[in-house]
Amino acid sequence: MKRILSFLCIALLILGCLSGCARGGGEGAVYYLNFKPEQDAQWKALAKTYSDETGVKVTVVTAAAGTYEDTLAAEIVKSTPPTLFQVNGPVGLAGWKDYCYDLSDSAVYNQLTEDDFVLEEDDKVYGIAYVLETYGLIYNKKLLDRYFALDNAKVKSLNDVRSFDVFKALAEDIQANKEALGIKGAFTSAGMDSSSDWRFKTHLANLPIYYEYEEDDIDLSPAIKGTYLKEYRAIWDLYLKNATCAPGEIGAKTSDEAANEFNNGEAVFYQNGTWAWGDAMEQKIGADNVGMMPIYIGAEDEEDQGLCTGSENYWCVNKNAGEKNIQATLDFMEWVVTSEAGTKALAEEMGFVSPFKNAKKSTNPLIKAADQLLDEGKTPVSWDFSTIPSDQWKDGVGAALLAYAQGGLTDALWKDVETAFVDGWRKEYTAAH
Amino acid sequence: MVGGKSTPPPTDMNRTLKRWFPLFLLPTLIAFLIGFVVPFFVGLYLSFCEFATIENPTFVGFANYLRVFTADSNFWYSFGFTALFTLVSVVLINLCAFAVALALTRGIRGTNLFRTLFFMPNLIGGIVLGYIWKMILNYGVLIPLFGKDLSYNSTFGFWGLVVVLAWQQIGYMMIIYISGLQSVPEELSEAAKIDGAGRWQILRHVTVPMVMPSITICIFLTLTNSFKLYDQNLALTDGKPGRMTEMLAMAIRNTYGVTPKSHGTAQAMAVIFFLIVAVIALFQLRSTHKREVQQ
Chain A
-14 MKRILSFLCI ALLILGCLSG CARGGGEGAV YYLNFKPEQD AQWKALAKTY
36 SDETGVKVTV VTAAAGTYED TLAAEIVKST PPTLFQVNGP VGLAGWKDYC
86 YDLSDSAVYN QLTEDDFVLE EDDKVYGIAY VLETYGLIYN KKLLDRYFAL
136 DNAKVKSLND VRSFDVFKAL AEDIQANKEA LGIKGAFTSA GMDSSSDWRF
186 KTHLANLPIY YEYEEDDIDL SPAIKGTYLK EYRAIWDLYL KNATCAPGEI
236 GAKTSDEAAN EFNNGEAVFY QNGTWAWGDA MEQKIGADNV GMMPIYIGAE
286 DEEDQGLCTG SENYWCVNKN AGEKNIQATL DFMEWVVTSE AGTKALAEEM
336 GFVSPFKNAK KSTNPLIKAA DQLLDEGKTP VSWDFSTIPS DQWKDGVGAA
386 LLAYAQGGLT DALWKDVETA FVDGWRKEYT AAH
Chain B
2 MVGGKSTPPP TDMNRTLKRW FPLFLLPTLI AFLIGFVVPF FVGLYLSFCE
52 FATIENPTFV GFANYLRVFT ADSNFWYSFG FTALFTLVSV VLINLCAFAV
102 ALALTRGIRG TNLFRTLFFM PNLIGGIVLG YIWKMILNYG VLIPLFGKDL
152 SYNSTFGFWG LVVVLAWQQI GYMMIIYISG LQSVPEELSE AAKIDGAGRW
202 QILRHVTVPM VMPSITICIF LTLTNSFKLY DQNLALTDGK PGRMTEMLAM
252 AIRNTYGVTP KSHGTAQAMA VIFFLIVAVI ALFQLRSTHK REVQQ
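As given, the protein sequences belong to chains A and B, one line each in that order. Numbering of the first sequence is given in the working numbering, commencing with residue -14 and proceeding in unit increments. Numbering of the second sequence is given in the working numbering, commencing with residue 2 and proceeding in unit increments.
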């Protein structure tokens, strides 16, 4: 018995050593470290299709939500590192530039419809966005129509809503008539649980940053001034005072709760993006009853403002992955954005809008709403939050926004938001550079 | 028959052992090396470096340590918060666990059932426990009473953490205390009783000195567990409001941000953290060991 046991132990040890050494070499292979957990299954299926077709091994690994940077840092030093990975924008690229292969001659780069969605530095292309996403205020058409039909409705059509002032009147009047409409509030809960707080500390914060950049004609700032903080406060107040719950309760509210409130028809407006479309919304509200409108904050000339469109998902190829693997990866990327199977998977199964020539149209009604606004000539708001110096900045602003909501929306507490926004930016920018 | 046959001379045995013990030690030794010694020294080295990934560190000397001490890092605030938390929870957990253990060694009805029930919270993982208690505290206590939740101020968060850790650990420490109490010889307390000692005096002068080894272990466990607390902290408060309920382990984790500079700072914090825990634990072990009596 003992002999068998000790034999087993030794066998295990040897096996462990061998399996460590046996990797590498041979034909090129693709290892994709995927960022989006929602699309894990679809990527794996697509990888299998490609492997069956070409015989090239494609491994897809998805990092758990919120751990991408750590997973990447651990994986990239292994003997078989990811050949294809993602960064979230210029700030993310700064940490990984040394690992990025120049994609300017790659086939996938030539497939791009425009140059806006790449990460470039010194004439080198380090990252290519493969999915464009859009956010704004998602609304429930059925509930809005119910409101417009009220005799005492102050706003009679969504077409009239082209500025913050009108929107404010609309939201407050909906809130005042919530019993008549059978809803709990105009807005879903502005949850500041970590599953939901990014909607406000990052996505909503994008608008004051965007307008300041526009005004100063810059696309990156080492020290933000906070020119549009007054407007930021106005929209945040509107969200808080006309929601399904009291402002003091938002600390515990999660993203699921906000989604449920919207899907169950308890609120009319829900700040989120194209990714919020899914089975639950389809079954409970239906594709014909959802739309998305711009988030007006009261900046000048905002009647032409569109939705916020951008990308947080840039593909990078690992330049240390070995020549064969790099070539295999480039081939795989080209196949994904050009082949029938690949483009179909991107658009229909993953629901992505991709900036590539062969990209198929998505069936997502929120994306259709975004396209429609583009056709109407609205100016999309770019995702300037990708220039936020660090996650600590977002956390600082988020904490101050929450304290402001819990503490009764006072001027003194708003001062803390301003401090976190302006001073925090300078501090974090200095720390990162 | 006085046989020299049955047991071989001990020296032979020793020689065989000496010759072969490295082989038998090897698997554990390798595991220990890979899982502890190597990462420890790599980590120690990295705390003197700036690095994005562990394959390309640049040596920067004591810069990381300086940053922990000078820059407005959250480290020292977290240290204070953690120290206070540890103090409160060590006292609370050990007093409660000891009291429960005393009650459950008197032969009352249902003793076994109670012991099992009190021990059960320990079988649930910290993250799950944190989320469950977050719900209980938010929707069961704080929102009905104050209209605010755990993220409102650090006092809520602090006591929330104390409650969760106490609920989880009291049962475990109780088991250790029970086994200690059961090994106290009946004769001793009986003798004390005959000598005219009251219940309190028996407890103070007989029982406590006799269970001192259990106390040493329990204090050591609660002390280090509280100091290293992470998962309950993450699930219950996530450091909110702001970073006001961030304990040391979490402060290190959150400092380990995305910029290469802060990786090294977090690493330096981790080394300081290790030293603090080691010193406190050793000091505590020595001071309680001294009070142990031989049976």
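All residues carry an ideal CB built from backbone N, CA and C; glycine is no exception. Given the structure is predicted, the values throughout are model-derived calculations rather than measurements.
The alpha carbon of B/D150 has as its nearest neighbour, out of B/L182, B/I125, B/L230 and B/P242, the alpha carbon of B/P242. Pairwise C-beta distances place the region 372 to 380 of chain A in contact with the region 395 to 414 of chain A, as three or more of them are shorter than 8 Å.
In chain order, K149 and Y153 make up the part of chain B whose C-beta sits under 7 Å from the C-beta of A/Q391. Taking the Cα positions, A/F20 is about 9 Å away from A/V72. Residue-level contact check: B/S48 does not touch chain A, since none of the beta carbons of chain A fall below 9 Å from its beta carbon.
Annotated three-state conformation of B/I109 is coil, per DSSP. Flagged as an interface residue toward chain A: B/R244, by a C-beta distance shorter than 9 Å.
Excluding residues up to 5 positions away in sequence, V140 and D145 lie with their Cβ nearer than 7 Å to the Cβ of A/V151 in the same chain. Taking the CA atoms as reference points, B/V165 sits about 36 Å from A/R218.
For the C-beta of A/I61, the chain B residues within less than 7 Å are, from N- to C-terminus, T54. Annotation: the continuous alpha helix (DSSP H) that includes B/M174 extends over S155 to Q183. For A/L387, the chain B residues whose C-beta falls within less than 7 Å of its own C-beta are S152 and P242, listed in chain order. B/F52 and B/W77 have their C-alpha atoms spaced approximately 23 Å apart.
Taking 9 Å as the cut-off between beta carbons, the residues of the region 76 to 95 of chain A near chain B are V76, G77, A79, G80, W81, D83 and Y84, in sequence order. Rounded to the nearest whole angstrom, the C-alpha separation of A/T52 and B/N65 is 24 Å.
The beta carbon of A/G336 sits no closer than 9 Å to any beta carbon of chain B. Burial check for A/L18: the Cβ neighbour count within 10 Å reaches 16 or more, so the residue is buried. Bounds of the alpha helix (DSSP H) holding B/N226 are M213 to F228. The shortest CA-to-CA distance from B/N154 to any of B/R110, B/S180 and B/R244 is the one to B/R244. Cβ-Cβ separation between A/V62 and B/E293: approximately 47 Å, too far for a contact (criterion under 8 Å). When the beta-carbon positions are compared, B/F82 and B/T246 come within less than 9 Å of each other. For A/Y389, no beta strand (DSSP E) segment is defined; the enclosing uninterrupted segment is the alpha helix (DSSP H) at D376 to Q391. Exclusion of the five residues before and after A/L135 leaves N162 and A165 as the residues of its chain whose Cβ lies within less than 7 Å of its Cβ.
Residues of the region 123 to 148 of chain B with a Cβ closer than 7 Å to any Cβ of chain A, in chain order: N139, I144 and G148.
By the Cβ neighbour-count rule, B/G148 is exposed, with fewer than 16 other Cβ atoms within 10 Å of its own.
Selection A/A272, A/A59, A/Y281 and A/G307 evaluated against A/N349 yields A/A272 as nearest (Cα-Cα). About 6 Å separates the beta carbon of A/K169 from that of A/A252, a gap short enough to meet the 8 Å contact definition. Per DSSP, reduced to three states, the secondary structure at A/A171 is strand. Chain-ordered listing is empty here: chain A has no CB closer than 8 Å to the CB of B/D232, the nearest sitting near 15 Å. Closest by C-alpha distance to B/N75, out of B/R254, B/I281, B/G197 and B/R110, is B/R254. Per DSSP, A/K109 is not a residue of any alpha helix (DSSP H); the beta strand (DSSP E) it occupies stretches across K109 to A114. From the beta-carbon of B/G258, the residues of chain A found nearer than 8 Å are S375, D376 and Q377.
Judged by DSSP secondary structure, A/P193 falls within the alpha helix (DSSP H) whose first and last residues are N191 to D201. Against chain B, the CB of A/S179 has a partner CB under 9 Å away; the residue lies at that interface. The region 188 to 208 of chain A makes contact with the region 357 to 368 of chain A, as at least three CB pairs between them are under 8 Å.
If you look at A/E267, you'll find it in the alpha helix (DSSP H) that goes D264 to K269.
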